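Student: Here it is, the structure, as structure tokens.
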Amino acid sequence: MIDEFSTPDIAFVGEQDGPAERRLKEALAVVLDLDPSVSRAYLARVLYDGTISGVMLALLTDGEQDSEKLVAQAGRTFAALFNAKASLEVIFLDGKKDVEIRKVCAPFFEREG
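Below is the structure:
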């Protein structure tokens, strides 16, 4: 099941990186490469509701037609590497948010094209 929520006041703090995160990025890149709608992906730390969250996957796509399927695939990849009871938060970026995140976080996946 996918819970959707609005994040109007989200601020990107920086890239989430370390040995475990690099394994996650490698696994997610394989999954994301299979979905032609994904242009870029970031693994970021974010600030919202006054607190810094853990890991958030931020995706720039050319549409939301398969967003539910994409979130489910990313969640399964995350669960396979980490605690299955933990969850991966996913946000879909618009052009403005993509510009903001690029100031503090490099994409770990970028479609050539």
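So in the UniProt record's numbering, spot 60 of the sequence shown is number 60, and the numbers just go up one at a time. Cβ atoms here follow ideal geometry from the backbone N, Cα and C, with glycine treated the same way. The structure presented is a predicted model; accordingly, all values stated were derived computationally and were not measured.
DSSP puts Gly47 in a beta bridge; with which residues?
Tutor: The residue labelled residue 47 in the question sits at position 47 within the sequence shown. Position check: residue 47 holds Leu in this sequence, whereas Gly was assumed. Answer is Ala11, Ile52.
Student: What is the rounded straight-line gap between the Cα of Glu100 and the Cα of Asn83?
Tutor: By one-based count along the sequence shown, residue 100 stands at place 100. By one-based count along the sequence shown, residue 83 stands at place 83. Going from the Cα of Glu100 to the Cα of Asn83 covers about 30 angstroms.
Student: Give the single residue among Gln73, Ser37, Ala29, Ala80 whose Cα lies nearest to the Cα of Leu43.
Tutor: Translated into the one-based positions of the sequence shown, residue 43 becomes position 43. Checked all of Gln73, Ser37, Ala29, Ala80; the closest Cα to Leu43 is Ala29.
Student: Measure from the alpha carbon of Ala11 to the alpha carbon of each residue in Leu70, Ala20, Ile52, then state which is nearest.
Tutor: For the purposes of this step, residue 11 is taken as the residue at position 11 of the sequence shown. Comparing Cα-Cα distances from Ala11 to each of Leu70, Ala20, Ile52, the minimum goes to Ile52.
Student: Short of 7 angstroms in beta carbon distance, which residues of its chain neighbour Gln16, apart from the five on each side in sequence? Order them along the chain.
Tutor: Taking the first residue of the sequence shown as 1, we reach residue 16 at position 16. The residues are Leu43, Ala44, Arg45, Val55.
Student: Applying the 10 Å Cβ sphere with the 16-neighbour rule, what's the burial state of Gly113?
Tutor: Along the sequence shown, one-based indexing puts residue 113 at 113. With fewer than 16 other Cβ atoms within 10 Å, it is exposed.
Student: Looking at the unbroken alpha helix (DSSP H) that takes in Phe78, where does it start and where does it end?
Tutor: Residue numbering aside, residue 78 sits at position 78 when the sequence shown is read from its first letter. Counting along the chain, the alpha helix (DSSP H) containing Phe78 begins and ends at 67 to 81.
Student: Under 8 angstroms, do Val104 and Gly14 count as touching if we go by C-beta distance?
Tutor: The count along the sequence shown starts at 1 and reaches residue 104 at position 104. The count along the sequence shown starts at 1 and reaches residue 14 at position 14. Yes, the Cβ-Cβ distance between Val104 and Gly14 is below 8 angstroms.
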